[in-house]
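Taking our numbering, the leading residue of the sequence shown gets 24, the next gets one more, and so forth.
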Amino acid sequence: METGRPIHPGSTGQENAVIVENLVKVYRSGREVVQALRGVDFRVARGELFGIIGPDGAGKTSLFRIMTTLLLPDGGRVRIEGLDVVGEYREIRRRVGYMPGRFSLYQDLSVQENLQFFATIFNTSVQENYEMIRDIYVQIEPFRHRRAGKLSGGMKQKLALCCALIHRPTVLFLDEPTTGVDAVSRKEFWEMLQRLREQGITILVSTPYMDEASRCDRVALMQDGRLLSVDTPRNITAGFGYPLAAVKADNMLALYEDIQPFAGKLDCYPCGEFHHVVLRQGVGLEELDRFLSARPHPGLESRLIEAGIEDCFMALMKNEITQAV
24 METGRPIHPG
34 STGQENAVIV
44 ENLVKVYRSG
54 REVVQALRGV
64 DFRVARGELF
74 GIIGPDGAGK
84 TSLFRIMTTL
94 LLPDGGRVRI
104 EGLDVVGEYR
114 EIRRRVGYMP
124 GRFSLYQDLS
134 VQENLQFFAT
144 IFNTSVQENY
154 EMIRDIYVQI
164 EPFRHRRAGK
174 LSGGMKQKLA
184 LCCALIHRPT
194 VLFLDEPTTG
204 VDAVSRKEFW
214 EMLQRLREQG
224 ITILVSTPYM
234 DEASRCDRVA
244 LMQDGRLLSV
254 DTPRNITAGF
264 GYPLAAVKAD
274 NMLALYEDIQ
284 PFAGKLDCYP
294 CGEFHHVVLR
304 QGVGLEELDR
314 FLSARPHPGL
324 ESRLIEAGIE
334 DCFMALMKNE
344 ITQAV
(Lines of atoms letter the chains of each structure in order from A and count residues from 1; the text may use other names and numbers.)
(Lines give C-alpha, C1' and ligand atoms only; values in the text may rest on other atoms or scores of the structure.)
Protein backbone atom coordinates (compact mmCIF):
# COMPACT_ATOMS: atom_id res chain seq x y z
CA MET A 1 0.00 0.00 0.00
CA GLU A 2 1.53 3.31 -1.03
CA THR A 3 0.50 6.21 1.15
CA GLY A 4 1.68 9.19 -0.87
CA ARG A 5 3.79 10.44 2.06
CA PRO A 6 7.44 9.84 3.01
CA ILE A 7 7.82 6.64 4.98
CA HIS A 8 11.50 5.82 4.52
CA PRO A 9 13.34 7.01 7.64
CA GLY A 10 16.80 8.36 6.98
CA SER A 11 16.19 9.33 3.36
CA THR A 12 13.53 11.94 4.08
CA GLY A 13 14.66 13.48 7.35
CA GLN A 14 11.48 12.26 9.01
CA GLU A 15 11.92 11.55 12.71
CA ASN A 16 12.00 7.97 13.85
CA ALA A 17 9.74 6.82 16.66
CA VAL A 18 11.48 3.43 16.95
CA ILE A 19 15.13 2.57 16.32
CA VAL A 20 16.30 -1.05 16.64
CA GLU A 21 20.02 -1.69 16.14
CA ASN A 22 21.72 -5.10 15.98
CA LEU A 23 19.30 -6.57 18.52
CA VAL A 24 20.21 -9.96 19.98
CA LYS A 25 18.26 -12.21 22.37
CA VAL A 26 19.38 -15.64 23.55
CA TYR A 27 17.46 -18.07 25.76
CA ARG A 28 19.35 -20.73 27.74
CA SER A 29 17.93 -23.78 29.45
CA GLY A 30 20.61 -26.13 30.70
CA ARG A 31 22.74 -26.97 27.69
CA GLU A 32 20.12 -25.83 25.22
CA VAL A 33 20.68 -22.43 23.63
CA VAL A 34 18.01 -20.75 21.49
CA GLN A 35 18.85 -17.62 19.52
CA ALA A 36 15.53 -15.79 19.34
CA LEU A 37 16.91 -12.60 17.73
CA ARG A 38 20.03 -12.48 15.56
CA GLY A 39 21.13 -8.91 14.89
CA VAL A 40 17.77 -7.32 14.07
CA ASP A 41 17.92 -3.79 12.58
CA PHE A 42 15.11 -1.47 11.48
CA ARG A 43 13.61 1.98 12.02
CA VAL A 44 10.01 3.10 12.17
CA ALA A 45 9.00 6.66 11.28
CA ARG A 46 6.54 8.61 13.38
CA GLY A 47 2.98 8.03 12.27
CA GLU A 48 3.91 4.88 10.35
CA LEU A 49 1.98 1.62 10.42
CA PHE A 50 4.79 -0.94 10.45
CA GLY A 51 4.22 -4.69 10.22
CA ILE A 52 6.43 -7.52 11.47
CA ILE A 53 5.38 -10.51 9.37
CA GLY A 54 6.51 -14.04 10.14
CA PRO A 55 5.44 -17.51 11.26
CA ASP A 56 5.27 -18.73 14.86
CA GLY A 57 8.75 -19.03 16.32
CA ALA A 58 10.24 -16.30 14.12
CA GLY A 59 11.10 -14.12 17.15
CA LYS A 60 8.28 -11.58 16.91
CA THR A 61 7.14 -11.81 20.54
CA SER A 62 10.70 -11.57 21.91
CA LEU A 63 11.20 -8.47 19.77
CA PHE A 64 7.98 -6.87 21.01
CA ARG A 65 8.70 -7.67 24.66
CA ILE A 66 12.10 -5.98 24.38
CA MET A 67 10.65 -2.92 22.62
CA THR A 68 8.03 -2.57 25.37
CA THR A 69 10.68 -2.87 28.17
CA LEU A 70 9.39 -6.24 29.43
CA LEU A 71 12.50 -8.20 28.44
CA LEU A 72 16.18 -7.29 28.50
CA PRO A 73 18.19 -7.70 25.29
CA ASP A 74 21.47 -9.64 25.24
CA GLY A 75 22.98 -7.33 22.67
CA GLY A 76 22.18 -4.31 20.54
CA ARG A 77 20.12 -1.26 21.31
CA VAL A 78 16.51 -0.10 21.12
CA ARG A 79 15.25 3.47 21.42
CA ILE A 80 11.57 4.41 21.61
CA GLU A 81 10.80 8.10 21.07
CA GLY A 82 14.51 8.75 21.66
CA LEU A 83 14.52 6.85 24.97
CA ASP A 84 16.62 3.76 25.73
CA VAL A 85 14.55 0.69 26.63
CA VAL A 86 16.96 -0.34 29.40
CA GLY A 87 17.93 2.89 31.10
CA GLU A 88 14.74 4.90 30.54
CA TYR A 89 12.07 2.19 30.72
CA ARG A 90 9.81 4.05 33.17
CA GLU A 91 9.30 6.98 30.80
CA ILE A 92 8.82 4.64 27.84
CA ARG A 93 6.03 2.78 29.66
CA ARG A 94 4.17 6.08 30.06
CA ARG A 95 4.38 6.76 26.34
CA VAL A 96 3.58 3.41 24.74
CA GLY A 97 0.59 1.13 24.55
CA TYR A 98 1.00 -2.64 24.39
CA MET A 99 -1.45 -5.37 23.43
CA PRO A 100 0.17 -8.80 23.93
CA GLY A 101 -0.66 -11.84 21.86
CA ARG A 102 -2.61 -13.53 24.63
CA PHE A 103 -5.65 -11.84 26.15
CA SER A 104 -4.17 -10.52 29.40
CA LEU A 105 -6.96 -8.46 30.94
CA TYR A 106 -8.74 -9.43 34.14
CA GLN A 107 -11.27 -12.09 33.19
CA ASP A 108 -13.43 -11.59 36.31
CA LEU A 109 -13.70 -7.83 35.90
CA SER A 110 -16.30 -6.30 33.63
CA VAL A 111 -15.51 -4.39 30.46
CA GLN A 112 -16.01 -1.09 32.29
CA GLU A 113 -13.97 -2.17 35.33
CA ASN A 114 -11.02 -3.27 33.20
CA LEU A 115 -11.00 0.03 31.36
CA GLN A 116 -11.22 2.06 34.59
CA PHE A 117 -8.44 -0.01 36.15
CA PHE A 118 -6.00 0.64 33.30
CA ALA A 119 -6.88 4.32 33.23
CA THR A 120 -6.12 4.54 36.97
CA ILE A 121 -2.72 2.89 36.50
CA PHE A 122 -1.72 5.74 34.21
CA ASN A 123 -3.21 8.45 36.47
CA THR A 124 -5.95 9.33 34.02
CA SER A 125 -9.64 8.57 33.59
CA VAL A 126 -11.92 7.11 30.96
CA GLN A 127 -13.78 10.43 30.77
CA GLU A 128 -10.59 12.41 30.15
CA ASN A 129 -9.49 10.27 27.21
CA TYR A 130 -12.84 9.00 25.96
CA GLU A 131 -12.40 10.65 22.54
CA MET A 132 -9.29 8.53 22.04
CA ILE A 133 -11.22 5.26 22.29
CA ARG A 134 -14.75 6.36 21.39
CA ASP A 135 -14.92 4.80 17.91
CA ILE A 136 -13.80 1.44 19.32
CA TYR A 137 -15.57 1.55 22.68
CA VAL A 138 -19.03 2.24 21.24
CA GLN A 139 -18.88 -1.27 19.72
CA ILE A 140 -18.46 -2.93 23.13
CA GLU A 141 -20.31 -0.40 25.30
CA PRO A 142 -23.56 -2.43 25.23
CA PHE A 143 -21.58 -5.17 27.03
CA ARG A 144 -19.85 -2.86 29.52
CA HIS A 145 -21.19 -4.81 32.52
CA ARG A 146 -20.23 -8.22 31.11
CA ARG A 147 -17.16 -9.97 32.51
CA ALA A 148 -14.20 -9.83 30.14
CA GLY A 149 -13.85 -13.60 30.21
CA LYS A 150 -17.34 -13.98 28.76
CA LEU A 151 -16.70 -11.82 25.69
CA SER A 152 -16.28 -13.18 22.18
CA GLY A 153 -12.80 -13.14 20.58
CA GLY A 154 -13.53 -10.01 18.59
CA MET A 155 -14.94 -8.17 21.61
CA LYS A 156 -11.94 -9.16 23.75
CA GLN A 157 -9.74 -7.76 21.04
CA LYS A 158 -11.55 -4.41 21.06
CA LEU A 159 -11.45 -4.19 24.86
CA ALA A 160 -7.72 -4.94 24.93
CA LEU A 161 -7.13 -2.22 22.33
CA CYS A 162 -9.16 0.29 24.36
CA CYS A 163 -7.09 -0.52 27.46
CA ALA A 164 -3.87 -0.08 25.49
CA LEU A 165 -5.02 3.36 24.25
CA ILE A 166 -6.65 4.80 27.36
CA HIS A 167 -3.54 6.82 28.37
CA ARG A 168 -3.04 8.32 24.87
CA PRO A 169 0.19 6.56 23.85
CA THR A 170 2.30 7.94 21.03
CA VAL A 171 3.52 4.46 20.00
CA LEU A 172 1.27 1.39 19.95
CA PHE A 173 2.65 -2.16 19.97
CA LEU A 174 0.29 -4.98 18.95
CA ASP A 175 1.65 -8.54 19.10
CA GLU A 176 -0.41 -10.82 16.83
CA PRO A 177 -3.68 -9.02 17.69
CA THR A 178 -5.79 -10.87 15.09
CA THR A 179 -4.70 -14.42 15.85
CA GLY A 180 -7.66 -16.65 16.66
CA VAL A 181 -10.40 -14.22 15.63
CA ASP A 182 -12.80 -14.56 12.71
CA ALA A 183 -12.27 -12.95 9.31
CA VAL A 184 -14.84 -10.19 9.91
CA SER A 185 -13.22 -9.20 13.22
CA ARG A 186 -9.80 -9.17 11.53
CA LYS A 187 -11.08 -6.80 8.86
CA GLU A 188 -12.71 -4.51 11.45
CA PHE A 189 -9.56 -4.47 13.55
CA TRP A 190 -7.37 -3.33 10.65
CA GLU A 191 -9.88 -0.62 9.81
CA MET A 192 -9.56 0.59 13.42
CA LEU A 193 -5.77 0.65 13.09
CA GLN A 194 -5.99 2.77 9.95
CA ARG A 195 -8.12 5.31 11.84
CA LEU A 196 -5.64 5.38 14.72
CA ARG A 197 -2.78 5.89 12.27
CA GLU A 198 -4.62 8.88 10.82
CA GLN A 199 -4.49 10.40 14.31
CA GLY A 200 -0.68 10.33 14.15
CA ILE A 201 -0.06 7.29 16.35
CA THR A 202 2.94 5.17 15.40
CA ILE A 203 1.80 1.53 15.19
CA LEU A 204 3.90 -1.62 15.17
CA VAL A 205 1.91 -4.80 14.63
CA SER A 206 3.10 -8.38 14.30
CA THR A 207 1.14 -11.07 12.50
CA PRO A 208 1.59 -14.55 11.04
CA TYR A 209 -0.96 -13.70 8.32
CA MET A 210 0.82 -12.73 5.12
CA ASP A 211 -2.34 -11.20 3.63
CA GLU A 212 -2.31 -8.51 6.35
CA ALA A 213 1.01 -7.14 5.07
CA SER A 214 -0.71 -5.10 2.35
CA ARG A 215 -2.43 -3.01 5.03
CA CYS A 216 0.90 -1.70 6.37
CA ASP A 217 3.00 1.23 5.15
CA ARG A 218 6.08 -0.99 5.36
CA VAL A 219 6.71 -4.53 6.51
CA ALA A 220 9.63 -6.52 7.87
CA LEU A 221 9.60 -10.18 6.85
CA MET A 222 11.00 -12.20 9.75
CA GLN A 223 12.20 -15.79 10.04
CA ASP A 224 14.37 -17.58 12.61
CA GLY A 225 15.26 -14.37 14.46
CA ARG A 226 16.36 -12.50 11.35
CA LEU A 227 14.77 -9.88 9.10
CA LEU A 228 14.72 -11.13 5.52
CA SER A 229 13.46 -7.87 3.99
CA VAL A 230 12.17 -4.45 5.10
CA ASP A 231 10.26 -2.42 2.51
CA THR A 232 6.83 -1.39 1.31
CA PRO A 233 4.57 -4.31 0.33
CA ARG A 234 4.57 -3.07 -3.25
CA ASN A 235 8.36 -2.93 -3.49
CA ILE A 236 8.73 -6.38 -1.95
CA THR A 237 6.36 -8.01 -4.43
CA ALA A 238 7.78 -6.01 -7.36
CA GLY A 239 11.19 -7.47 -6.63
CA PHE A 240 10.09 -11.10 -6.95
CA GLY A 241 11.75 -11.43 -10.35
CA TYR A 242 10.41 -14.76 -11.67
CA PRO A 243 7.32 -15.91 -13.60
CA LEU A 244 4.77 -17.42 -11.21
CA ALA A 245 2.00 -19.85 -12.08
CA ALA A 246 -1.00 -21.01 -10.05
CA VAL A 247 -2.19 -24.52 -10.86
CA LYS A 248 -4.84 -26.81 -9.43
CA ALA A 249 -6.58 -30.09 -10.27
CA ASP A 250 -9.00 -32.51 -8.66
CA ASN A 251 -6.14 -34.52 -7.12
CA MET A 252 -3.77 -31.90 -5.67
CA LEU A 253 -1.31 -34.39 -4.20
CA ALA A 254 -0.81 -36.17 -7.52
CA LEU A 255 -0.47 -32.79 -9.24
CA TYR A 256 2.20 -31.68 -6.77
CA GLU A 257 4.19 -34.89 -7.26
CA ASP A 258 3.99 -34.65 -11.05
CA ILE A 259 5.25 -31.05 -11.06
CA GLN A 260 8.47 -31.96 -9.23
CA PRO A 261 10.42 -33.35 -12.23
CA PHE A 262 9.53 -30.35 -14.44
CA ALA A 263 12.89 -28.88 -15.50
CA GLY A 264 11.47 -25.35 -15.81
CA LYS A 265 10.50 -25.24 -12.12
CA LEU A 266 12.48 -23.41 -9.45
CA ASP A 267 10.03 -24.12 -6.66
CA CYS A 268 6.52 -25.42 -5.99
CA TYR A 269 4.43 -25.10 -2.81
CA PRO A 270 0.77 -25.22 -1.76
CA CYS A 271 -0.93 -21.84 -1.43
CA GLY A 272 -4.64 -21.86 -0.64
CA GLU A 273 -6.55 -23.90 -3.21
CA PHE A 274 -3.63 -23.76 -5.69
CA HIS A 275 -0.04 -24.88 -6.00
CA HIS A 276 2.24 -21.97 -6.82
CA VAL A 277 4.98 -22.85 -9.29
CA VAL A 278 7.98 -20.53 -9.57
CA LEU A 279 9.29 -20.81 -13.13
CA ARG A 280 12.79 -20.21 -14.39
CA GLN A 281 13.44 -17.05 -16.39
CA GLY A 282 12.36 -17.59 -19.98
CA VAL A 283 10.02 -20.48 -19.13
CA GLY A 284 6.37 -19.81 -19.98
CA LEU A 285 3.05 -21.17 -18.84
CA GLU A 286 2.73 -23.05 -22.16
CA GLU A 287 5.72 -25.23 -21.30
CA LEU A 288 4.28 -26.11 -17.90
CA ASP A 289 0.89 -26.89 -19.47
CA ARG A 290 2.53 -29.04 -22.12
CA PHE A 291 4.48 -30.95 -19.46
CA LEU A 292 1.38 -31.57 -17.34
CA SER A 293 -0.84 -32.49 -20.31
CA ALA A 294 1.20 -35.67 -20.74
CA ARG A 295 -0.21 -36.84 -17.41
CA PRO A 296 -3.89 -37.36 -16.53
CA HIS A 297 -5.06 -34.50 -14.30
CA PRO A 298 -8.87 -34.09 -14.30
CA GLY A 299 -9.95 -30.53 -13.54
CA LEU A 300 -6.53 -29.07 -14.38
CA GLU A 301 -6.41 -25.26 -14.33
CA SER A 302 -3.38 -23.00 -14.67
CA ARG A 303 -2.65 -19.31 -15.05
CA LEU A 304 0.14 -16.79 -14.53
CA ILE A 305 -0.27 -14.60 -11.45
CA GLU A 306 1.44 -11.70 -9.69
CA ALA A 307 3.56 -12.66 -6.71
CA GLY A 308 2.16 -11.92 -3.25
CA ILE A 309 3.94 -11.32 0.05
CA GLU A 310 3.80 -15.04 0.86
CA ASP A 311 5.55 -15.92 -2.41
CA CYS A 312 8.27 -13.36 -1.67
CA PHE A 313 8.65 -14.70 1.86
CA MET A 314 9.05 -18.24 0.56
CA ALA A 315 11.69 -17.11 -1.94
CA LEU A 316 13.63 -15.14 0.67
CA MET A 317 13.47 -18.03 3.13
CA LYS A 318 14.75 -20.51 0.54
CA ASN A 319 17.57 -18.11 -0.29
CA GLU A 320 18.53 -17.90 3.42
CA ILE A 321 18.62 -21.68 3.67
CA THR A 322 20.74 -21.97 0.50
CA GLN A 323 23.24 -19.39 1.77
CA ALA A 324 23.47 -21.15 5.14
CA VAL A 325 24.31 -24.44 3.43
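Heads up, the beta-carbon is just placed ideally off N, CA and C, and yes, glycines get one too.
This structure is a prediction, so every number in the text was calculated from the model and none was measured.
- The three-state secondary structure of C291, taken from DSSP, is strand.
- Bounds of any alpha helix (DSSP H) do not take in E151, whose DSSP letter is neither H nor E.
- Judged by DSSP secondary structure, G177 falls outside any beta strand (DSSP E) and instead within the alpha helix (DSSP H) spanning G176 to L188.
- Remark: C-beta atoms of L219 and V228 do not approach each other more closely than 8 Å.
- Runs of the beta strand (DSSP E) spanning 3 or more residues and lying entirely within the segment 235 to 302 occur at 241 to 246, 249 to 254, 267 to 271, 288 to 294 and 297 to 302, in chain order.
- No residue range can be given for V161, since it is assigned to no alpha helix (DSSP H) and is classified by DSSP as neither H nor E.
- Relative to the Cα of K271, the nearest Cα in the group A261, V300 and M245 belongs to V300.
- For S208, the enclosing alpha helix (DSSP H) starts and ends at A206 to E221.
- Non-local beta-carbon contacts of M340 in its own chain, meaning distances under 8 Å to residues more than five positions away in sequence, involve Q246 and L251 in chain order.
- Annotation: Y121 to F212 spans about 15 Å, alpha carbon to alpha carbon.
- Within its own chain, the residues whose Cβ lies closer than 8 Å to the Cβ of D281, once the five positions on either side in sequence are excluded, are L315, R318 and H320, listed in chain order.
- A residue is called buried once 16 or more other Cβ atoms fall within 10 Å of its Cβ, and K210, having fewer, is exposed.
- Below 8 Å, enough C-beta pairs join the segment 193 to 200 and the segment 222 to 236 to call them touching: three or more.
- The C-beta of Q304 has fewer than 16 other C-beta atoms within 10 Å across all chains shown, which makes the residue exposed.
- DSSP places T230 in the strand class (E or B) of the three-state scheme.
- Spatial neighbours of T92 in its own chain (CB-CB distance under 7 Å, excluding positions within 5 residues in sequence) are listed in chain order as V108, Y112, I115 and R116.
- It is roughly 28 Å from the alpha-carbon of Q180 to the alpha-carbon of K48.
- The beta carbon of L289 sits closer than 6 Å to the beta carbons of V301 and R303 from its chain, once the five residues preceding and following it are set aside; these are given in chain order.
- DSSP places G172 in the helix class (H, G or I) of the three-state scheme.
- When DSSP states are grouped into helix, strand and coil, I42 belongs to the strand group.
- Excluding the 5 residues flanking it on each side, G124 has same chain C-beta neighbours closer than 7 Å at T84, D198, E199 and T202, in chain order.
- Nearest to R102 by alpha-carbon distance, out of C291, R241, V67 and E324, is V67.
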